[in-house]
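Student: Structure incoming, see below.
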Amino acid sequence: DAKTTQPTSMDCAEGRAANLPCNHSTISGNEYVYWYRQIHSQGPQYIIHGLKNNETNEMASLIITEDRKSSTLILPHATLRDTAVYYCIVSGTPGGSNYKLTFGKGTLLTVNP
Amino acid sequence: GAVVSQHPSWVICKSGTSVKIECRSLDFQATTMFWYRQFPKQSLMLMATSNEGSKATYEQGVEKDKFLINHASLTLSTLTVTSAHPEDSSFYICSARAGDWSSYNEQFFGPGTRLTVL
């Protein structure tokens with residue numbers, strides 16, 4: 001699996017957009033970008049994933065650069081409950097033989113009142 | 114939405130005893146389940162991947178005879194920590210992926226089990 005690089009920590013004001021960057025310069029053509037988050041002492045929660053097009057769901061938006069070497073997860077209106085460690089993961093096609101989530105250290109996002 | 118449960122949520126045991134942790138997919142059939150371990154202030158580390166009806170595939174460095182994994186049905190996988198020692202104390206998390214991956218692309222994670230070995 002391709003490796004990812006994320007900032008160790010970020011702060012965001014409540015109600016503002018949180019933009020979490022991720023570098024994955026060694027991503028291969030058939031690998032997806034996945035985002036999960038983990039609130040303290042809980043299991044990870046799926047947020048969103050994408051291949052090359054930008055994606056949006058009820059939780060967040062995922063912006064992937066044209067060269068696919070980096071991406072940004074956007075939480076449009078961060079709340080205190082969004083405080084968590086956010087993991088950017090690159091892996092194979094869901095359901096494929098090379099689909100395996102390898103967690104890095106992630107970014108600790110702290111949403112402040 | 115898809116829900117994965119784990120039981121127990123926490124367990125304390127004496128050194129040398131064995132502990133079994135259950136992972137269940139409550140509203141979908143999971144052909145593949147994953148087991149992770151997380152030490153304090155560290156990230157999740159994949160221990161093994163189990164497919165229903167076949168032997169688990171362990172990651173490098175994980176002792177298969179110590180961490181026994183059984184995936185006997187499409188909704189249940191168990192992890193047994195045999196002869197547990199204090200260094201096995203950790204947060205164990207399972208995840209499950211549906212067989213119909215076109216509908217469920219993501220892994221669904223359980224809430225985790227906190228194991229403390231005295």
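Protein sequences appear in the order of chains H and A. So the first sequence is numbered by this note's numbering: it starts at 1 and just counts up by one. So the second sequence is numbered by this note's numbering: it starts at 114 and just counts up by one. Glycine included, each C-beta is placed from N, C-alpha and C at the ideal position. This structure is a prediction, so every number in the text was calculated from the model and none was measured.
Tell me whether L20 of chain H sits in a helix, a strand or coil according to DSSP, three-state version.
Tutor: If DSSP states are grouped into helix, strand and coil, L20 of chain H belongs with the strands.
Student: Listing by chain order, which chain H residues have their CB less than 7 angstroms from the CB of S156 of chain A?
Tutor: The contacting residues are F103, G104, K105, G106.
Student: Our contact map puts P199 of chain A next to Q119 of chain A with C-beta atoms below 8 angstroms; I'd like the distance itself, whole angstroms only.
Tutor: Incorrect: roughly 22 angstroms between the Cβ atoms, too far for contact.
Student: Are the stretch 96 to 113 of chain H and the stretch 118 to 133 of chain A in contact at 8 angstroms, needing three or more beta carbon pairs?
Tutor: Flag = no, the stretch 96 to 113 of chain H and the stretch 118 to 133 of chain A do not touch.
Student: So for E172 of chain A, helix, strand or coil by DSSP?
Tutor: In this structure, E172 of chain A counts as coil in the three-state DSSP scheme.
Student: Residues of chain A with CB closer than 9 angstroms to the CB of P44 of chain H, please, in chain order.
Tutor: By Cβ distance, chain A contributes Y149, L157, I206, S208, Q220, F222.
Student: Using a Cβ-Cβ distance cut-off of 8 angstroms, determine whether K52 of chain H contacts chain A.
Tutor: Not one chain A Cβ lies under 8 angstroms of K52 of chain H.
Student: From L51 of chain H to D178 of chain A, what does the alpha carbon distance come to, in whole angstroms?
Tutor: So the two alpha carbons sit approximately 38 angstroms from each other.
Student: Return the residue from the list H:D11, H:E14, H:S9, H:Y32 that minimises the CA-CA distance to K3 of chain H.
Tutor: K3 of chain H has its Cα closest to that of H:Y32, out of H:D11, H:E14, H:S9, H:Y32.
Student: Taking the straight line between their C-alpha atoms, what separation do you get for S190 of chain A and S163 of chain A?
Tutor: Between S190 of chain A and S163 of chain A, the C-alpha separation is close to 8 angstroms.
Student: Compare the C-alpha of E55 of chain H against each of H:A13, H:Q45, H:L73 and name the closest.
Tutor: Cα-wise, what sits closest to E55 of chain H is H:L73.
Student: Which residue from H:T8, H:T5, H:G15, H:S9 puts its Cα closest to that of L80 of chain H?
Tutor: Ranking H:T8, H:T5, H:G15, H:S9 by Cα distance to L80 of chain H puts H:G15 first.
Student: Taking buried to mean at least 16 other C-beta atoms within 10 Å of its own C-beta, is Q6 of chain H buried or exposed?
Tutor: Counting Cβ neighbours within 10 Å, Q6 of chain H comes out buried, since at least 16 surround it.
Student: Specify the secondary structure class of L139 of chain A as computed by DSSP and reduced to three states.
Tutor: Here L139 of chain A sits in coil by DSSP.
Student: Provide the residue span of the beta strand (DSSP E) that contains M59 of chain H, from first to last.
Tutor: Unbroken run through M59 of chain H: none, as it is neither H nor E.
Student: Taking the beta strand (DSSP E) that H198 of chain A falls in, what are its first and last residues?
Tutor: Looking at the DSSP string, H198 of chain A is not in any beta strand (DSSP E), and its letter there is neither H nor E.
Student: Give the range of the beta strand (DSSP E) segment to which Q45 of chain H is assigned.
Tutor: Where Q45 of chain H is concerned, the enclosing beta strand (DSSP E) stretches over 45 to 50.
Student: Consult DSSP for R81 of chain H and reduce its assignment to one of helix, strand or coil.
Tutor: If DSSP states are grouped into helix, strand and coil, R81 of chain H belongs with the helices.
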